[in-house]
Amino acid sequence: MPTSTTRRGRALAAVTAAALLTATGCSGIGSPADGTSFNGGNANSTAVPKNLASQRLHWTACPTPSTAEGGGTAPSPLPGGAQWRCASMKVPLDYAKAGGKTIELALIRAPARDKARRIGSLIFNFGGPGGSGITGLPSFASDYEKLRARYDLVSFDPRGVGRSDPVECKDDKQLDAYYAKDATPDDAAEVKTFTQGLASYAAACEKRSGSSLPYVGTTNAARDMELMRKVLGDKKLYYFGISYGTELGGVYAHLYPKSVGRAVFDAVVDPSQNTEQGSLGQTKGFQLALDNFEKDCVARGAACRLPGTTPKQIEGFITGLLARLDKKPVTGIGNRKLTQTQATNGIAQALYSKQFWPYLEQGLDEADGGNGALLLALSDAMNGRDEYGRYSNLQAANTAVNCVDSKERYTLEQTKAKLPEFRKASPVFGDFLGWGLMSCSKWPVPGQWVHPDVSAPGSAPILIIGNTGDPATPYAGAKAMSDALGKGVGVEITYHGQGHGSYDSGNPCVQGAVNNYLLNGTVPAAGTVCR
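In terms of our numbering, the sequence shown has 463 at position 461, counting the first letter as 1, and numbering is strictly consecutive.
Quick look at the structure:
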């Protein structure tokens with residue numbers, strides 16, 4: 003079945019690497035339509051309850067991450083021996099009824115090294131929606147160690163995610179069956195099975211999490227960050243958003259422009275696009291990344307394991323393999339087979355980072371020979387499944403947030419009409435992402451917007467970093483975000499690279515500009531280009 007790849011973030015990379023090494027035995031993957039929001043209350047409400055703003059957090063040793071957060075072990079000590087600390091923060095379930103029911107958000111913090119020169123808390127969102135900050139921040143902390151010189155590094159599980167009142171839908175066994183289903187139906191019988199699967203999934207989410215579904219959207223997550231800022235004692239919000247985290251940051255800047263301190267948006271979502279435009283742009287982005295993978299393979303000559311001496315021939319091999327898998331899945335992991343849908347999902351997952359290209363090459367070659375374990379492990383990582391068959395709630399939260407944000411509900415007829423354009427954009431990903439337009443078609447809760455309003459007049463400068471080779475958040479999104487934020491707010495940086503995001507590439511130009519801004523307040527020249 004389709005899994006929304008829209009607005010994914012770095013959180014996937016960590017689970018991918020783990021899945022590859024353990025599961026396969028491999029050695030070292032718009033504005034609101036009206037004033038009423040189904041995200042909980044008036045769409046323009048920014049009030050933070052005073053009683054909750056004065057709450058005190060109790061920081062303790064971090065527990066082992068829950069299954070919903072992705073599992074694993076408690077985070078290891080930081081360089082120098084400092085310990086990670088975790089806490090829970092109360093937020094209103096419904097901001098329109100701020101004195102009513104509350105839920106708890108899970109927070110994690112690494113203390114600043116130089117307490118005398120500490121600036122404040124730097125809050126991270128690594129994307130998704132659905133990615134756990136509790137597992138994400140420790141996974142990537144080494145990338146941000148320079149920033150810990152003057153900031154407490156802080157992240158959290160947004161509402162509906164991980165340990166923060168998680169959205170729950172199907173159980174593990176049901177999810178294995180769900181993700182094995184055909185997400186690119188070819189005939190009437192397959193279309194019926196496809197649409198029934200969407201309805202069944204939505205019904206399961208409503209049954210297990212129906213009371214929370216109306217409140218898990220991005221607007222409420224932004225309100226939660228404003229409350230978090232106050233509770234942490236920061237006069238301004240210092241923020242690092244990646245992928246979907248850039249959309250969350252943009253909505254926050256719109257609601258609270260005067261509260262923005264220093265902020266960085268990396269791997270930028272285009273806030274001007276509706277669901278169709280965003281999915282089509284992503285289809286083109288993944289195709290571009292696949293083209294680059296194929297060119298790299300050709301350039302390596304005989305060292306490349308895939309047949310073909312041109313990118314077109316290698317792509318023909320890939321489309322041929324997918325066509326065969328549609329007819330006859332191959333051996334996967336345990337008693338699970340690798341299907342066409344899972345193979346496509348796995349290919350997309352590997353394109354999030356160039357470091358996974360060798361696994362993609364190996365996985366395609368092995369699947370052609372009848373062993374689909376590696377591609378299935380990549381697909382599992384995309385879906386949040388660990389080697390023990392346990393699923394995080396990454397996908398459940400991803401769907402829930404996307405569907406309560408977007409008010410668009412695509413019918414079968416509308417989707418079929420749009421498929422030719424998607425297929426033209428990519429022979430590998432077109433059908434997969436085209437049919438994915440229906441992901442919210444059976445959702446029990448209405449959405450809020452066609453696209454979010456991120457206009458933020460009066461905000462402090464926000465660094466906007468676009469990667470020309472980003473498959474999931476195409477480069478054009480950076481300029482669109484900068485334009486939408488408004489004059490004098492967005493400061494664009496271009497990185498000529500590969501993969502999803504820029505800062506974590508290690509590029510000295512990108513990291514230097516970001517670090518200098520966050521640590522010293524020095525705004526780089528707009529239009530800075532890094533290679």
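Where is the CB? At the ideal position from N, CA and C, for every residue including glycine. Computed from a predicted model, the values in this text were never measured in an experiment.
At least 8 Å separates the beta-carbon of Ser134 from that of Val156. Looking at the DSSP output, Asp154 bridges to Ser123. The DSSP-derived three-state label of Thr470 is coil. Taking a C-beta distance under 8 Å as the contact criterion, Asp472 and Ala269 qualify as a contact pair. With a contact defined as Cβ atoms closer than 8 Å, Gly499 and Thr470 qualify at about 7 Å.
Across the set Asn337, Pro168, Val525, the C-alpha of Pro168 shows the shortest separation from the C-alpha of Phe158.
Of all alpha-carbon atoms in Lys117, Gly102, Asn127, the one lying nearest the alpha-carbon of Leu109 is that of Asn127. 8 Å or more divides the Cβ of Pro454 from the Cβ of Gly303. The C-beta distance from Gly212 to Tyr354 rounds to 32 Å, too long to meet the 8 Å contact threshold.
The distance from the Cβ of Ser408 to that of Leu200 is about 15 Å, inconsistent with a contact at the 8 Å cut-off.
In its chain, beyond the 5 residues on either side, Arg152 have a beta carbon closer than 6 Å to the beta carbon of Leu521.
Beyond the five residues adjoining it in sequence on each side, Asn518 comes within less than 8 Å, by CB distance, of Thr524, Pro526 in the same chain, given in chain order.
Between Gly479 and Asp272, the C-beta spacing is below 8 Å. Following the DSSP letters along the chain, one finds Phe196 inside the alpha helix (DSSP H) bounded by residues 190-211.
In the structure shown, Arg533 adopts coil according to DSSP, grouped into three states. Distance from the Cα of Lys148 is smallest, within the candidate group Gly129, Arg120, Thr137, Pro448, for Arg120. Residue pairing by DSSP places Arg111 opposite Arg87, Val156 in a beta bridge. Closest in alpha carbon position to Gly436, among Ala419, Ala143, Pro463, Ser274, is Ala419. In the DSSP assignment, Arg264 falls within the unbroken beta strand (DSSP E) covering 262-270. Apart from the 5 residues on each side of it in sequence, Leu324 sits with its Cβ closer than 8 Å to the Cβ of Gln342, Ala345, Thr346, Val430 in its chain, given in chain order.
For Leu239, no alpha helix (DSSP H) encloses it; the enclosing beta strand (DSSP E) starts and ends at 239-245. DSSP places Gly492 in the strand class (E or B) of the three-state scheme. Per DSSP, the unbroken alpha helix (DSSP H) holding Lys175 starts and ends at 174-182. In the three-state scheme derived from DSSP, where H, G and I count as helix and E and B as strand, Tyr146 is classed as helix.
Residue state for Gly336 is assigned as coil, using DSSP reduced to three classes.
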